[in-house]
Amino acid sequence: MVFRRSGSLTAALAFKDTRKTPVEPEVGIHRIKIILTSRNVKSLEKVCANLIRGAKKNNLKVKGPVRMPTKPLRITTRKTPRGEGSKTWGRFQLRIHKRLIDLHSPSKIDKQITSISIEPGVKAEVTIADA
Numbered sequence: 046m047v048f049r050r051s052g053s054l055t056a057a058l059a060f061k062d063t064r065k066t067p068v069e070p071e072v073g074i075h076r077i078k079i080i081l082t083s084r085n086v087k088s089l090e091k092v093c094a095n096l097i098r099g100a101k102k103n104n105l106k107v108k109g110p111v112r113m114p115t116k117p118l119r120i121t122t123r124k125t126p127r128g129e130g131s132k133t134w135g136r137f138q139l140r141i142h143k144r145l146i147d148l149h150s151p152s153k154i155d156k157q158i159t160s161i162s163i164e165p166g167v168k169a170e171v172t173i174a175d176a
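Structure (structure tokens):
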């Protein structure tokens with residue numbers, strides 16, 4: 046059997062030479078990186094626990110949750126509306142918490158893991174790569 050450089054090489058490798066029946070493709074393992082961000086720590090930890098519980102139920106390799114540094118966003122403003130009176134300042138702060146979870150899973154289970162319910166106020170960033 047002669048193979049050309051075009052797409053026929055990949056098509057020919059997917060079949061046995063004798064009967065031309067499809068060969069079972071090897072199950073690839075994906076590395077899933079999930080970054081969760083939120084202003085509320087309790088809801089963030091709840092989502093992390095649900096993710097890890099679901100992954101361990103499917104016997105997956107789990108690393109995390111890794112607690113990333115909290116990013117405080119600070120705003121300092123004058124309290125007086127027109128600048129009259131004493132110079133008093135109001136200080137406001139918004140804290141953003143992050144968690145990182147790494148999973149190693151077969152491609153069949155990717156959909157089950159990434160389709161969990163996430164609480165309001167929690168943002169999830171999912172990156173799937175081949176391991």
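When we follow this note's numbering, the leftmost residue of the sequence shown carries the number 46, and every step to the right adds one. Ideal placement from N, C-alpha and C gives every residue a C-beta, glycine not left out. Remember, predicted model here, so these are calculated numbers, not experimental data.
**Request:** Report the residue ranges of all beta strand (DSSP E) runs contained in full by the segment 81-159; include only those spanning at least 3 residues, in chain order.
**Result:** 106-123 and 134-151
**Prompt:** Helix, strand or coil: which one does DSSP assign to residue 164?
**Reply:** coil
**Prompt:** Got a sec? Which residues, its chain only, sit under 8 Å from residue 138 by beta carbon, not counting five neighbours each side?
**Reply:** 117, 118, 119 and 120
**Message:** Please classify residue 165 as buried or exposed, where buried requires at least 16 other C-beta atoms within 10 Å of its C-beta.
**Reply:** exposed
**Request:** Answer yes or no: do residue 173 and residue 75 have a C-beta to C-beta separation smaller than 7 Å?
**Result:** yes
**Message:** Does the contact criterion of 3 or more C-beta pairs under 8 Å hold for the segment 149-161 versus the segment 75-84?
**Reply:** yes
**Message:** I believe residue 88 touches residue 171 by the beta-carbon criterion, under 8 Å. Please report the beta-carbon distance rounded to the nearest angstrom.
**Reply:** Contact doesn't hold; Cβ gap of about 18 Å is too wide.
**Prompt:** For residue 55, which three-state DSSP category applies?
**Reply:** Annotation note: pLDDT 47 at residue 55 (below 50); position unreliable, no value reported.
**Prompt:** Can you name, in chain order, every residue of its own chain whose Cβ lies under 7 Å from the Cβ of residue 92, other than the five neighbours on each side?
**Reply:** 81, 163, 164 and 167
**Asked** Among 109, 144, 126 and 98, which residue has its Cα nearest to the Cα of residue 86?
**Response** 144
**Request:** Count the other CB atoms, across all protein chains shown, that sit within 10 Å of the CB of residue 94; report buried if there are 16 or more and exposed otherwise.
**Result:** exposed
**Item:** Beta-carbon proximity list for residue 84, same chain, < 8 Å, skipping 5 on both sides
**Value:** 139, 140, 141, 142 and 166
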